[in-house]
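Structure first, then comments.
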């Protein structure tokens with residue numbers, strides 16, 4: 012029996028042993044729900060020491076008499092960063108490490124038939140001698156019981172662990188080997204059934220434990236059993252399985268139910284979601300299910316505005332949706348620590364490859380510190396090794412120096428605990444000692460003018476092993492949503508250049524860009540406001556221009572993002588310069604004031620390798636001069652060349668070769684100087700003339716599949732993108748993610764809109780964070796939280812001179 016214990020916790024920001032007394036604190040102690048952040052923080056400009064406190068949590072509960080002679084366990088999925096557990100005033104456990112789950116046996120300390128007091132001291136100080144602490148860290152580490160908690164009541168004979176290993180994955184008929192760990196060596200029988208369940212995501216674990224094999228929602232794929240086994244470690248096999256393979260394109264999952272019997276009595280059962288797939292890094296790249304597969308991914312922190320790490324499953328799942336179905340990447344690195352089970356479950360379900368790693372950032376501590384690191388690695392692997400999405404274990408501290416004795420130990424431990432996966436270790440060093448299976452390298456070579464990535468042979472000491480880029484860009488070119496247009500475009504192009512470069516290197520498995528979204532960081536990093544603006548999204552998961560580089564690499568949705576607002580005053584000397592379309596279309600047709608200009612195609616000359624290169628749009632005159640002035644095509648092309656040169660160099664700095672061309676074309680067409688000036692302002696400068704309207708049409712198979720219009724703003728429209736409006740609290744509260752963008756009448760984001768908005772909720776809802784916000788770069792957001800009551804509710808968003816936006820919610 013599992014009971015989720017996420018409601019009715021008492022909380023105090025200053026730990027005191029008075030919490031042991033259940034009568035203490037009435038009217039003083041705050042009642043909170045888990046996940047919980049030990050403090051609520053502003054969006055930016057705050058002191059990170061605010062969360063570096065020793066706080067206290069208390070759960071008062073009644074222990075049923077029926078629990079006697081059973082085993083009682085409590086599991087904390089994540090507590091930042093040292094948790095000391097007290098039951099009825101006695102310390103019974105301590106756990107060091109803020110990124111992995113831990114389980115505490117309450118059985119010998121609980122008072123049955125009485126009220127019990129469980130107290131958790133949470134030490135969130137960054138002075139602790141555990142990873143990732145010991146030096147500066149380029150991300151905030153937050154505090155609190157920030158993941159879920161549950162209580163389990165078990166028989167004395169129970170399943171401790173189920174480890175699944177699939178075999179013969181590339182054969183028509185496959186095998187399944189399972190290691191089942193039992194709590195005792197008492198004689199037991201084990202039964203397993205492998206099920207293909209329709210709409211698996213809609214069934215809870217409890218339903219899967221009890222569902223009958225005759226239920227029409229499932230199909231039995233295989234069965235296995237062992238009778239009268241007296242061992243705590245049991246191996247059980249299934250043969251001749253006709254199952255489908257898992258991949259990001261077809262993430263097929265199955266359910267393995269394991270049951271343990273003592274005599275005829277079922278004493279425990281466990282459900283494990285599994286998949287069949289083969290993932291292998293080789294010297295010439297990465298292979299998935301026997302075929303070469305290029306990894307295109309992003310790094311992801313698990314943080315959110317205001318509450319740090321403390322977000323329930325729904326927000327975690329939404330991040331996977333954004334990665335897979337908006338950014339269209341096929342992989343994610345959980346930088347720089349293991350992340351929520353709900354996030355990994357969603358990666359399994361939606362199809363996202365995962366590179367996960369032990370906690371840390373550059374610093375390696377003393378032997379006691381290393382022991383905690385090894386423990387964290389062990390917990391990470393044991394807790395996550397059945398996730399088919401995970402393809403690589405990171406066994407080095409991110410960007411640390413070589414430490415062969417330490418890393419020989421972590422690498423060996425990973426292979427011992429999971430012989431089915433390879434290991435890597437993120438480094439910024441070239442020719443570092445390679446103890447792992449894959450050289451994972453943070454490649455920050457590209458500066459805008461040089462090659463996108465280093466050649467593999469220049470970095471790794473062993474070219475016969477796999478090679479993966481674990482980070483690129485990021486701090487090399489921080490970019491805010493409200494930076495100037497040229498800056499935002501360069502940010503996007505740098506991502507495109509690196510993606511194209513690693514696609515072109517056959518022996519590079521792929522890469523993970525730094526990073527998915529902007530994040531809060533320490534005073535030693537970022538832009539001075541405690542934010543690192545390294546993301547292709549902002550902190551609320553709104554897209555910057557660079558996001559379109561990734562979203563356009565898939566054919567799942569039609570993508571057309573134009574890099575410019577086409578406002579001449581945004582640019583030096585009113586020169587719009589080059590414009591790019593980030594799209595997965597075949598071509599883009601451009602119209603100026605509804606007159607056809609030209610059709611443009613992917614820039615394969617610059618971007619040879621990526622699936623969908625950007626399209627360079629460098630001519631907004633096209634055929635207009637021929638039609639409007641009666642020039643021949645050759646004369647028109649010559650005039651355009653000279654006029655473009657005037658824009659680039661300026662009239663007074665025009666190279667002599669262009670002056671000669673200008674003279675020739677003027678003589679040929681009998682043009683005066685004032686004629687040339689008029690042509691420039693009419694076709695190039697757009698200065699002092701009629702306001703220009705541009706239309707961009709994405710063409711696919713000869714058809715217009717998407718249109719973007721750029722013209723002066725005449726209307727403001729606040730767009731709210733909501734992940735869901737039906738909220739379903741389950742094990743804990745549910746959250747709706749609301750992403751806000753101010754747009755013009757044509758749906759274009761307004762990057763310089765910074766005005767305030769007021770948020771108001773009605774019904775059983777709460778706002779996470781402030782109720783008055785300001786958009787930054789025309790974007791922002793909020794999170795709406797259920798209160799524990801069913802009903803209907805509304806989020807209303809108000810602003811000056813814009814229409815009110817209302818979002819209606821149904822709360823189950």
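In this note's numbering, the protein residues as written are 12 to 823. C-beta atoms are modelled at their ideal positions from N, C-alpha and C, and glycine is treated no differently. None of the values given here were measured: they were computed from a predicted structure.
It is roughly 51 Å from the alpha-carbon of residue 88 to the alpha-carbon of residue 582. Under the DSSP definition of a beta bridge, residue 13 partners with 163. Distance from the Cα of residue 617 is smallest, within the candidate group 610, 667, 626, for 626.
At the C-beta level, residue 31 and residue 100 come within 8 Å of one another. Rounded to whole angstroms, residue 354 and residue 741 show a C-alpha spacing of 16 Å. Per DSSP, the continuous beta strand (DSSP E) segment holding residue 708 begins and ends at 705-711.
The beta carbon of residue 12 sits closer than 6 Å to those of 164, all from its chain and outside the five residues before and after it, given in chain order. In this structure, 451 is the residue among 485, 530, 451 with its C-alpha nearest to the C-alpha of residue 519. About 5 Å separates the beta carbons of residue 672 and residue 653, which is inside the 8 Å limit, making them a contact pair. Cβ contact annotation for residue 71 (same chain, cutoff 7 Å, sequence separation greater than five): 33, 126, 128, in chain order. Residue 450: member of the beta strand (DSSP E) spanning 449-453, first to last residue. At a Cβ-Cβ threshold of 8 Å, residue 273 and residue 240 do not count as neighbours. One alpha carbon belongs to residue 797, the other to residue 19, and they sit about 14 Å apart. In this structure, residue 561 keeps its C-beta atom at 8 Å or more from the C-beta atom of residue 574. Inclusion of residue 159 and residue 17 in the CB contact set at 8 Å is warranted, their separation being smaller than that value. With contacts defined by Cβ atoms closer than 8 Å, residue 498 and residue 524 do not form a contacting pair. With contacts defined by Cβ atoms closer than 8 Å, residue 392 and residue 365 do not form a contacting pair. For residue 253, the number of other beta carbons within 10 angstroms of its own is below 16, and it is reported as exposed. The bridge partners DSSP lists for residue 753 are 729. Boundaries of the alpha helix (DSSP H) around residue 325: 324-332.
Note: residue 113 is bridge-paired with 87 in the DSSP secondary-structure output. Around the beta-carbon of residue 666, fewer than 16 other beta-carbon atoms lie within 10 Å, marking it exposed.
With fewer than 16 neighbouring CB atoms inside 10 Å of its own CB, residue 181 falls in the exposed class. By the CB criterion at 8 Å, residue 308 and residue 271 fall outside the cutoff. For residue 40, the three-state secondary structure derived from DSSP is coil. Below 8 Å, enough C-beta pairs join the stretch 409-421 and the stretch 439-449 to call them touching: three or more. Straight through space, the alpha carbons of residue 749 and residue 735 are spaced by roughly 9 Å.
Just so you know, the alpha carbons of residue 301 and residue 289 end up roughly 7 Å apart.
For the pair residue 606 and residue 655, the Cα-to-Cα distance works out to about 20 Å. Between residue 817 and residue 805 a beta carbon distance of about 6 Å is seen, short of the 8 Å cut, so the two are scored as contacting. Between residue 379 and residue 369, the beta carbon gap of about 16 Å keeps them out of contact (Cβ cut-off 8 Å).
One thing to note: residue 135 has its Cβ within 8 Å of the Cβ of residue 62.
If you check the CB distance, residue 147 and residue 283 do not come in under 8 Å. The DSSP assignment places 558-562 as complete runs of the alpha helix (DSSP H) inside the stretch 537-577, in order along the chain (cut-off: 4 residues).
Under DSSP, residue 106 takes part in a beta bridge, and its partners are 94. Where residue 810 is concerned, the enclosing beta strand (DSSP E) starts and stops at 802-810.
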